[in-house]
Amino acid sequence: MTLGDAALVVLAFALYVRTLAPSVLPADSGEFQLVSYVLGIAHPPGYPLYTLLGKAFTLLPFGDVAFRVNLLSAVISAVTLWLLSRCIRLVSSSSLAGWLGAGCLGVASTFWAQATTANIRSLMVLLVAAQVYELLAYERTGKQGHLIAFALALGLGVSHHSSMLPLMLPYLAFLLLSAHRETRQARTWFWPAGAFVVGLVVLLYLPLRSRMNPAFDPAPIRTLADFAGHVLALGFRGDMFYFVRPEDLLARLQVFGNILILQFPLPWLLLGSVGTMCLLLDQWRVGLLVGGVFGVNSFLALTYRAPQTVEYLMPAYLVLCIVSAFGLWELVRRLEKRGVRAACWGAMTIVVFCGFVARYPSYVELSRSHAARSYAEGVLKAAPAGAVVLSNWHYATPMWYLQMVEGLRPDVQVQYVYPEGAEPIAKTWLRRMSRAAAKGPTLVTNQYPEFRNTSYVLTPAGGAYLVSQGEATRAPEDAKSLQVLLGERIELISYTASPLALGAGETVAVRVYWAPRVKLDRDYSVFVHLIGEGGVPIGQGDTRHAAAQYEVGQMILDEYHIPLLPTVRPGRYQLVAGVYFSPVEGGWERLVTADGRDTVPLAMVEITPSMVAPVTRHNIQARSSLGYTLLGVDYDRSVADRLRVYLHWRADRDSSLAPEVVLRSQGNLVATAALPLVLPGACFSTVSDVTASVTNVEIELRVPAENASGMWWMLGGVPVGHRLTLPAAASDSRYVPLGGEMVVVGVTFPRQVVAGKAMKVELRFLAARPIVNDYTVSVSLSGQDGVFWAQHDGTPAMGAIPSLKWIRGDRIRDEHRVIVPAAATGAGQLWLTVYDAFTIQPLAVLDERLARLGQGTRLELGSVEVGQN
């Protein structure tokens, strides 16, 4: 290992440790953390090699067990980058190309994410890197030791994951076409065959350990059929080659393009094309090897039905970096002037560094997240003695980890609710819930609309829901007492609210417990408002009740998720609650307290300034002399005849002045907006609504009642005058924030469709932050009278890019095919809802104009005309 290689490994390891996940993780990662500690059996294909390596890391003397297993991925990934740099050096003879190629993969979104969490993909890529390196080394030297090392790495790879078996196709083709004739002689393969078998020996861990009845072994291996089914993951064979129809494969190829853009900068992908052509011309055997690995892995991943395509493609990312780095080297070595060559190297170094800068804040934020631990601990601690917790896979594994590794609440039985054949998942949950509730205390992590039509009452408990039947709702011990009677009819008993300190675009959750004190004779609505300046609500929610059916004294729970607009200013705001009804003559009327108040104060909410810049489609970075930088601009035309202009800012220094931004169009003033006084480094957004016909927008900053002539703009270090011209707004501009998690930035669909046919709807999202929740995207079609016609729900990008893989700034293309009913005709409306896959809680549309139009959680995408065939 050279000094440069050592520096590469140390820097990569330091980066991944700095951004390492701090503790237990959800889903598969939580399972791997658990099985590593207890030496259990993971889900098929079992991953015995990873389990044994993970066990070794659990013996480290620092951090909790989960952190130690996460650390294994950091080590594996750093070594992978070293092997990648050596592969590139073998094909290009350039150390610099090797380091740049390793750096580009090292800061790629998915590789970085896997390097900081417990997972089996990192080890898979390491083994592929070792296999490719040994084949390339054999091609250069002809030494049989490289063949033996390759065979051992292949055996370990196959024992780790059976999906490596198809990679033998390009490997065998490369060896049969090798310049070394020995590869076509049987005696050459005696020792490599032995090494391959040695690599497979680790598979014996599965039946041997299963016989010992480990603490975690959901599907014990007792027969040869059990062993084969587990190792080959035969239970998932129905998902293989799922997307093979031409139209599906074409759509998946478009998703593939989106995935590659998420991982690598465009220049790097273009260099990949150059490198591929050069390899096929100059080193055609190497070209066939890396091209074969790329093609086989990509085909298997793209045709496989599973919501982790971005991870399955990691071997393809590896070999792509080999050909891209080779393309860079071929380009540079053909340049005659040394200065031009140096500039080319420097430019690509900057490109790689920009990828690091763009993604680093997201992974730092994720490294501070204890979301899985907080949720799992909350549920287990809230569960009654001897309770059953019915859980999705996402949260079952961290709860099992806390029970088996840390000894938390072993009396609670956590059961994973899995899909059972063709039965709808909601029906499966309801059946399992009914069975468990009949035997004792039961909690569920998921909610479905089908639960509402049952006699079960779901009461929030530590993040999950306690199931009861015919029992009164109970307020938790930490609920704040109110005991306020409104209109001598309804008592607000208590409430909970959290968090009480949050930023713009985030959500405060409020639960209000109330009860009728007399028999009610009409419908009532309970509301919660967050009150801003001048008593104007800046966030609200209400729930209407057919209250006449409630018994006197029956406690009712209403749950609200109050979203904050992305443009709300930092400060302290008051949460209030109340009750109103609609008289027969129209309008609404609030119930009042004995002293005449129509609202009841709850908690104070502190809205803090954000130190992270808002995401934008139009990056500007223009500095003003007043100490504010315009970071970007976005436009939205969701409301007819109006153009909304979002301006994103950062305060660069302390100021006692309160400037305002002035928008002009062709010299005419069209809008003004005041900028808040915030701490240096704080970021915020302002919004202005202008007529849709406004073009050529210019902005200037000024201090009211003062001369603005000295206020100038700097763009790229160059003065551009007192007014700054903004980028033009497209005719279909969209910028609609959803729950502070993502932004809808585009939608495309046909305006005329045929009944009985499928219509394609393409959505474009911009991730506002690194997302840790799994969201489902729902596109529905209804008639003008609101009658439901059709709907398509799914994980984004045909399941290939789940939202919990998104980091800040990711741009996701999401295609849906909505089948228009044969009986539909006339005008229809297209709608979008994004909701939590487990709780079914929709993300709020953070636009007060759209909320007033009834689009608080369901965004209108546009109208279509349905005709008959």
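Numbering-wise (the numbering used here), the sequence shown opens with residue 290 and increments by one. Here a beta-carbon is modelled for each residue, glycine too, at the ideal position from N, C-alpha and C. Predicted model only: the values in this text are computed from it and were never measured.
Inset, instruction - Find out if the Cβ-Cβ distance for the pair LEU568, PHE615 is shorter than 8 Å. - result: For the purposes of this step, residue 568 is taken as residue 279 along the sequence shown, with counting starting at 1. For the purposes of this step, residue 615 is taken as residue 326 along the sequence shown, with counting starting at 1. Yes, the Cβ-Cβ distance between LEU568 and PHE615 is below 8 Å.
Legend entry - Cβ-Cβ distance between ASP1099 and PRO1085 below 8 Å: Working through the sequence shown from its first residue, we reach residue 1099 at position 810. Working through the sequence shown from its first residue, we reach residue 1085 at position 796. No.
Inset, instruction - Using the Cα positions of LEU952 and ARG931, report the straight-line distance between them to the nearest angstrom. - result: As a first step, residue 952 is located in the sequence shown; it is residue number 663 there, counting from the start. As a first step, residue 931 is located in the sequence shown; it is residue number 642 there, counting from the start. About 15 Å.
Inset, instruction - Output the distance between the C-alpha atoms of PRO334 and LEU589, rounded to the nearest integer angstrom. - result: To locate residue 334, count along the sequence shown from 1; it is residue 45. To locate residue 589, count along the sequence shown from 1; it is residue 300. Straight-line Cα distance between these residues: approximately 16 Å.
Inset, instruction - Let me know the secondary structure DSSP gives GLY1133 once reduced to three states. - result: Numbered from its first residue, the sequence shown carries residue 1133 at position 844. Looking at the sequence provided, one finds Ala at residue 1133 rather than Gly. It is coil, neither helix nor strand.
Legend entry - Spatial distance of ASP353 from SER312 (CA atoms): By 1-based counting over the sequence shown, the position of residue 353 is 64. By 1-based counting over the sequence shown, the position of residue 312 is 23. Going by the C-alpha atoms only, they are around 7 Å apart.
Legend entry - Buried or exposed by the 16-neighbour rule on C-beta atoms within 10 Å, applied to TRP877: To locate residue 877, count along the sequence shown from 1; it is residue 588. Its Cβ having fewer than 16 others within 10 Å, TRP877 is exposed.
Legend entry - Limits of the unbroken alpha helix (DSSP H) element including TYR427: In the sequence shown, counting from the first residue as 1, residue 427 sits at position 138. Looking at the DSSP string, the run of the alpha helix (DSSP H) that includes TYR427 is 410-430.
Legend entry - Pick from PHE321, ALA793, ALA1047 that is closest to PHE973, judged by C-alpha positions: On the sequence shown, position 684 is the one that residue 973 refers to. It is ALA793 whose Cα lies nearest to the Cα of PHE973.
Inset, instruction - Kindly list the residues whose CB is nearer than 7 Å to the CB of ILE365, restricted to its own chain and excluding five residues on each side of it in sequence; keep chain order. - result: Along the sequence shown, read from residue 1 onward, the residue named residue 365 stands at position 76. The answer, listed in chain order, is SER411, LEU412, LEU415.
Legend entry - Own chain residues within Cβ distance below 7 Å of ALA715, not counting five before or after: On the sequence shown, residue 715 is found 426 positions in, with the first residue counted as 1. Closer than 7 Å at Cβ, skipping near neighbours: TYR737, GLU739.
Legend entry - Candidates LYS1049, GLN758, THR347: closest to GLU536 by CA position: Within the sequence shown, residue 536 is the residue found at index 247, counting from 1. Residue LYS1049 is the option with its Cα nearest to GLU536.
Legend entry - Simplified DSSP assignment, three categories, for GLN829: Indexing the sequence shown from 1 puts residue 829 at position 540. Here GLN829 sits in strand by DSSP.
Inset, instruction - Would you check if the segment 682-691 and the segment 660-672 touch, i.e. whether three or more CB-CB distances between them fall below 8 Å? - result: yes
Legend entry - Three-state class that DSSP yields for SER787 in the structure shown: Here residue 787 refers to the residue found at position 498 of the sequence shown. Reduced to three states, the DSSP call for SER787 is strand.
Inset, instruction - Determine the DSSP secondary structure at HIS683, reduced to helix, strand or coil. - result: Numbered from 1 along the sequence shown, position 394 holds the residue referred to as residue 683. Secondary structure of HIS683 (DSSP, three-state): helix.
Inset, instruction - Give a yes or no on whether the minimum CB-CB distance between HIS1105 and chain B is below 8 Å. - result: The structure shown contains no chain B; it is built from a single protein chain.
Legend entry - DSSP beta-bridge partners of GLY1010: As a first step, residue 1010 is located in the sequence shown; it is residue number 721 there, counting from the start. In DSSP, GLY1010 forms a bridge with TRP1002.
Inset, instruction - Can you have a look at ALA301 and say buried or exposed, based on whether 16 or more other CB atoms are within 10 angstroms of its CB? - result: By 1-based counting over the sequence shown, the position of residue 301 is 12. Looking at its Cβ environment, which holds 16 or more other Cβ atoms inside 10 Å, ALA301 is buried.
Inset, instruction - State the start and end residues of the unbroken beta strand (DSSP E) segment that holds SER1069. - result: Translated into the one-based positions of the sequence shown, residue 1069 becomes position 780. Here the beta strand (DSSP E) through SER1069 covers 1064-1072.
Inset, instruction - Flag this pair as touching only if the segment 340-349 and the segment 445-457 have three or more C-beta atom pairs under 8 Å; answer yes or no. - result: no
Inset, instruction - Would you list the residues sitting across from GLY1117 in a DSSP beta bridge? - result: Taking the sequence shown and counting its residues from 1, one reaches residue 1117 at position 828. According to DSSP, which records beta bridges pairwise, GLY1117 is partnered with GLY1072, VAL1153.
Inset, instruction - Would you mind giving the Cβ-Cβ distance between GLY729 and LYS670, rounded to the nearest angstrom? I have them listed as a contact below 8 Å. - result: The residue given as residue 729 occupies position 440 in the sequence shown. The residue given as residue 670 occupies position 381 in the sequence shown. GLY729 to LYS670, Cβ: 18 Å. No contact.
Inset, instruction - List the DSSP bridge partners of PRO852. - result: Position 563 of the sequence shown, counting from 1, holds the residue named residue 852. PRO852 is bridged to THR796.
Legend entry - Three-way DSSP call (helix, strand, coil) for LYS728 in this model: Residue numbering aside, residue 728 sits at position 439 when the sequence shown is read from its first letter. Coil, per DSSP.
Legend entry - Element boundaries [beta strand (DSSP E), containing HIS937]: For this step, residue 937 is matched to residue 648 along the sequence shown. Unbroken beta strand (DSSP E) run through HIS937: 931-940.
Legend entry - Residues that SER954 bridges to, as DSSP identifies them: Locating residue 954 in the sequence shown gives position 665, counting from the first residue. According to DSSP, which records beta bridges pairwise, SER954 is partnered with ASN957, VAL986.
Inset, instruction - With DSSP collapsed to three states, give me the class of GLY1143. - result: Position 854 of the sequence shown holds residue 1143. In the structure shown, GLY1143 adopts coil according to DSSP, grouped into three states.
Legend entry - Proximal residues to GLU654 (C-beta, below 6 Å), its chain only, five neighbours per side dropped: Walking along the sequence shown from the start, residue 654 turns up at place 365. A distance below 6 Å between beta-carbons, with the five flanking residues on each side excluded, links GLU654 to the following residues of its chain, in chain order: PRO1059.
Legend entry - Helix, strand or coil at LEU394 [DSSP, three-state]: As a position in the sequence shown, residue 394 is number 105, starting the count at 1. It is helical.
Legend entry - Contact check, LEU1165 vs LEU732, beta carbons under 8 Å: Residue 1165 falls outside the range modelled here, since the chain spans only 290 to 1158, and no answer is possible.
Inset, instruction - Quick one: using the 10 Å Cβ neighbour count with 16 as the cut-off for buried, is ARG378 buried or exposed? - result: By 1-based counting over the sequence shown, the position of residue 378 is 89. Label assigned to ARG378: buried.
Legend entry - Run of the alpha helix (DSSP H) containing GLU666, from where it starts to where it stops: For the purposes of this step, residue 666 is identified with residue 377 of the sequence shown, where counting begins at 1. First-last of the alpha helix (DSSP H) with GLU666: 660-671.
Legend entry - Range covered by the beta strand (DSSP E) that runs through TYR1033: Mapped onto the sequence shown, residue 1033 falls at position 744. Tyr is not the amino acid found at residue 1033; the sequence shown has Val there. Run containing VAL1033: 1031-1037, per the beta strand (DSSP E) assignment.
Inset, instruction - Take the Cβ of PRO1039 as the centre, count every other Cβ of all protein chains shown within 10 Å, and call the residue buried at 16 or more, exposed below. - result: As a position in the sequence shown, residue 1039 is number 750, starting the count at 1. When all chains shown are included, PRO1039 counts as exposed.
Inset, instruction - Compare the Cα-Cα distances from GLU1154 to each of GLY1083, LEU846, LYS1046, ILE1129 and report the closest residue. - result: As a first step, residue 1154 is located in the sequence shown; it is residue number 865 there, counting from the start. Answer by Cα proximity: LYS1046.
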